[in-house]
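Heads up, the thing below is written out as structure tokens.
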Amino acid sequence: MRYSQLLLPTTKETPAEAEVVSHQLLLRGGFIRKLTSGMYTYLPLGLLVLQKVTEIVRQEMNNAGAQEILMPMVQPGDLWKESGRWKKYGPELLRFQDRHARDYCLGPTHEEVVTDIARKELHSYKQLPVNLYQIQTKFRDEIRPRFGLMRGREFVMKDAYSFDVDDDAASKSYEIMRDAYYRVFERCGLDFRAVEADSGSIGGSYSHEFMVLADTGEDTLVTCKSCSYAANVEKAAIAPPAEEAVIVQDLPQMEKVATPGTKKVDRVAELLQISAKDIVKTMFYLADDVVVAALVRGDRVVQSVKLKNLLDADDVEPVAEEEVWSRTKLPAGYLGPVGLEMKVVADHEIMGMASCVTGANEKGHHLQGVVPGRDFTPDIVGDLRQITTEDNCPLCGGALGLTEGIEVGHIFKLGTGYSESMNATFQDNEGGEQHFVMGCYGIGVSRVVAAAIEQNHDRNGIIFPVPMAPFQVIVLNLSLKNEGTCKAAEDLYLNLKQQGYDVLYDDRDERPGSKFKDADLIGIPFRVTVGKTYEKNGEVEVLIRKDGTTAAIPYPEAAEYVGQLIQKGLT
Ligand code: ATP
Ligand code: MG
């Protein structure tokens, strides 16, 4: 492709709307343009990158035996009513009606549609296993679309769905997909980890997320320093503390103390000369629109996904401090479980505290000498707090580390939830009707593009891994006025193109400085400069974007030299 003919509007300024580096560089590099909140147009360069990822995903899905289909993006509400998700799925599901006042939605995921296909087209165990996938635009009306391609409302996903005769066979399908996912992200050239994950609103019994490691990731992963354990903190289990014999004598009296202006745990600890570990923190959450209280030790953090699972709720959100009073007539900052008239969920650590300090549900007051089990009894006790690096690995007891990651893929064992609710069955080898055992497997194809940039960039721009780069090599012609240089640059471009490489030829009438800057910004892995040294001694300069190293190569060897670099970068 000739740069002079390409719609590639690069800019110097960092756009104010872009907080994270991938968003900034995708805008500055002319890859994408925003249409409206959470929706982007892919300009030529952006589409090229998206297509590179798509192709890797497609090849690995096909290699794994999955079959590509394409389902409609608009889905009838009736199917969602059958599965029970029409009501259950939150406002991310964009619901609307057609001219006949029939309900529809934009597909955020396709379990319902694919289960409908299975129940109509798959009749016998002889047809199984089947894995159907598509690569398609999804719509989720995200509450906070942000970070460009990272969290859009419209985004490209590869979603696959497996149908098996029983749980063992479904486990095999799951393993095949897991292996394929490893290959996809390895081939993309990304540094990633597969972690145990929560199953979320898709429902199901078992799942793994694939996380690209990057500081800007919205997810936190916990990894063991001694064994292979890795999990999303949402999921990472903490065993209950060993039971200690409770000393029955010497139980303190519960008493109210004045603690004016101490809404925060640290201030209470300071005032009462105790440790945060002696305080019970009470947090209010809205669980499916009902206020519940969550209790953890003062130095701990409530893990809301664990809370959601303990309550078996569909949705759990913290109650904002400003809303605590209007919803409960209790003062934020002074909440406590004693005499509280709502469902109380406590971390199991709480029940091991001999006595504690809690809010008194009265402004400016706390209770001390509170004995869990005597002065209050939670409705549910379980694993509620978020794991920390002070905890031990749940598998081997080793030390843990925390890393940030970006979720680029998620695989689930679904079981028979959808096939039962939608009555999708096949005939088994004894003539009986059985429900399909399902799995579903997503890759955020467009998010992979953003994640790759978050992980691979420097202050000059993007450093694409070779397999994802829109062009593998850029040829710069620095002497447009010199006929010999022009011919050499043009020939090199055509030669590389003919060999099947993706080449961008910078034939623009621009200063060398801005050509170098643009090449760096858009992240082309290899750059060949044809300029003064070619005129002088017949050499071109080859630069490797990743490490900035350059080599002077005699012109006749340049094409082969660059070809070898690309080949190496692709494996
Ligand atoms: P998240 O927790 O980031 O909201 P999710 O768990 O809801 O994602 P899944 O239902 O697992 O998402 O969807 C499969 C994949 O689609 C995710 O692993 C992610 O890579 C991608 N994805 C999900 N939501 C978005 C989005 N709003 N924008 C871009 N990609 C997304
Ligand atoms: Mg997910």
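Going by this note's numbering, the letters in the sequence shown line up with residues 1271 to 1841, in that order.
Ideal placement from N, C-alpha and C gives every residue a C-beta, glycine not left out.
Computed from a predicted model, the values in this text were never measured in an experiment.
Could you check the C-alpha separation between residue i and residue j for me, to the nearest Å?
{"i": "residue 1424", "j": "residue 1408", "result": "6 Å"}
{"i": "residue 1494", "j": "residue 1601", "result": "40 Å"}
{"i": "residue 1313", "j": "residue 1771", "result": "21 Å"}
{"i": "residue 1264", "j": "residue 1668", "result": "Past the edges of the chain, shown from 1271 to 1841, lies residue 1264, and the structure says nothing about it."}
{"i": "residue 1727", "j": "residue 1321", "result": "20 Å"}
{"i": "residue 1325", "j": "residue 1737", "result": "10 Å"}
{"i": "residue 1524", "j": "residue 1679", "result": "50 Å"}
{"i": "residue 1819", "j": "residue 1462", "result": "26 Å"}
{"i": "residue 1681", "j": "residue 1765", "result": "43 Å"}
{"i": "residue 1555", "j": "residue 1332", "result": "44 Å"}
{"i": "residue 1293", "j": "residue 1417", "result": "6 Å"}
{"i": "residue 1684", "j": "residue 1358", "result": "17 Å"}
{"i": "residue 1781", "j": "residue 1801", "result": "12 Å"}
{"i": "residue 1612", "j": "residue 1718", "result": "43 Å"}
{"i": "residue 1564", "j": "residue 1656", "result": "13 Å"}
{"i": "residue 1403", "j": "residue 1330", "result": "11 Å"}
{"i": "residue 1677", "j": "residue 1543", "result": "42 Å"}
{"i": "residue 1391", "j": "residue 1343", "result": "20 Å"}
{"i": "residue 1453", "j": "residue 1630", "result": "55 Å"}
{"i": "residue 1318", "j": "residue 1387", "result": "32 Å"}
{"i": "residue 1806", "j": "residue 1783", "result": "20 Å"}
{"i": "residue 1455", "j": "residue 1744", "result": "25 Å"}
{"i": "residue 1420", "j": "residue 1716", "result": "8 Å"}
{"i": "residue 1654", "j": "residue 1620", "result": "10 Å"}
{"i": "residue 1376", "j": "residue 1547", "result": "47 Å"}
{"i": "residue 1340", "j": "residue 1289", "result": "34 Å"}
{"i": "residue 1626", "j": "residue 1549", "result": "5 Å"}
{"i": "residue 1648", "j": "residue 1606", "result": "12 Å"}
{"i": "residue 1360", "j": "residue 1354", "result": "12 Å"}
{"i": "residue 1310", "j": "residue 1614", "result": "44 Å"}
{"i": "residue 1753", "j": "residue 1327", "result": "43 Å"}
Is the beta carbon of residue j closer than 7 Å to that of residue i?
{"i": "residue 1508", "j": "residue 1580", "result": "no"}
{"i": "residue 1399", "j": "residue 1439", "result": "yes"}
{"i": "residue 1395", "j": "residue 1698", "result": "yes"}
{"i": "residue 1349", "j": "residue 1382", "result": "yes"}
{"i": "residue 1797", "j": "residue 1774", "result": "no"}
{"i": "residue 1618", "j": "residue 1510", "result": "yes"}
{"i": "residue 1670", "j": "residue 1492", "result": "yes"}
{"i": "residue 1795", "j": "residue 1839", "result": "yes"}
{"i": "residue 1551", "j": "residue 1635", "result": "no"}
{"i": "residue 1272", "j": "residue 1777", "result": "yes"}
{"i": "residue 1378", "j": "residue 1307", "result": "no"}
{"i": "residue 1675", "j": "residue 1489", "result": "yes"}
{"i": "residue 1389", "j": "residue 1694", "result": "yes"}
Excluding the 5 residues flanking residue i on each side, which residues of the same chain have their C-beta closer than 6 Å to its C-beta?
{"i": "residue 1499", "result": "1663, 1665"}
{"i": "residue 1352", "result": "1692"}
{"i": "residue 1690", "result": "1705"}
{"i": "residue 1285", "result": "1297"}
{"i": "residue 1575", "result": "1468, 1504"}
{"i": "residue 1816", "result": "1733"}
Enumerate in chain order the residues of its own chain whose CB-to-CB distance from residue i is below 8 Å, with the five nearest sequence positions on each side excluded.
{"i": "residue 1769", "result": "1829, 1833"}
{"i": "residue 1315", "result": "1276, 1278, 1299, 1300, 1301, 1740, 1792"}
{"i": "residue 1448", "result": "1464, 1478, 1681"}
{"i": "residue 1762", "result": "1745, 1798, 1800, 1810, 1825, 1828, 1829"}
{"i": "residue 1608", "result": "1524, 1628, 1630, 1631, 1637, 1640, 1645, 1646"}
{"i": "residue 1748", "result": "1755, 1782, 1785, 1799, 1800, 1801, 1802"}
{"i": "residue 1367", "result": "1373, 1374"}
Tell me which residues share the same chain as residue i and place their Cβ nearer than 7 Å to its Cβ, disregarding the 5 neighbours each side in the sequence.
{"i": "residue 1804", "result": "1755, 1758, 1810, 1825"}
{"i": "residue 1822", "result": "1803, 1809, 1811"}
{"i": "residue 1779", "result": "1750"}
{"i": "residue 1356", "result": "1347, 1350"}
{"i": "residue 1541", "result": "1529, 1532"}
{"i": "residue 1459", "result": "1735, 1736, 1737, 1738"}
{"i": "residue 1659", "result": "1670, 1671, 1672"}
{"i": "residue 1436", "result": "1707"}
Got a sec: does the ligand ADP put a non-hydrogen atom nearer than 6 Å to the Cβ of residue i?
{"i": "residue 1636", "result": "Because the ligand ADP does not appear in the structure shown, any question about it cannot be addressed here, the ligands present being the ligand ATP and the ligand MG."}
Using a Cβ-Cβ distance cut-off of 7 Å, determine whether residue i contacts chain D.
{"i": "residue 1299", "result": "This model lacks chain D altogether; it includes just one protein chain."}
### Message
With three or more beta-carbon pairs closer than 8 Å as the criterion, would you say the segment 1404-1423 touches the segment 1432-1450?
### Response
no
### 4 or more residues per run - each alpha helix (DSSP H) lying fully within the segment 1286-1311
1291-1298
### Query
Does the segment 1638-1648 come within contact of the segment 1455-1470, defined as at least 3 CB pairs closer than 8 Å?
no
### Query
What runs of the alpha helix (DSSP H), each 4 residues or longer, lie entirely inside the segment 1581-1614?
1591-1598
### Task
May I have a chain-ordered list of the alpha helix (DSSP H) segments no shorter than 4 residues that lie completely inside the segment 1676-1720?
1687-1691
### Entirely enclosed beta strand (DSSP E) segments - the segment 1735-1800, minimum 3 residues
1743-1747, 1773-1776, 1796-1800
### Task
Check whether the segment 1567-1580 touches the segment 1594-1614, taking contact to mean three or more Cβ pairs, one atom from each stretch, closer than 8 Å.
no
### Message
Would you call the segment 1705-1714 in contact with the segment 1534-1545, where contact means no fewer than 3 C-beta pairs closer than 8 Å?
### Response
no
### Stretch pair the segment 1475-1493 + the segment 1542-1559: three plus CB contacts closer than 8 Å
no
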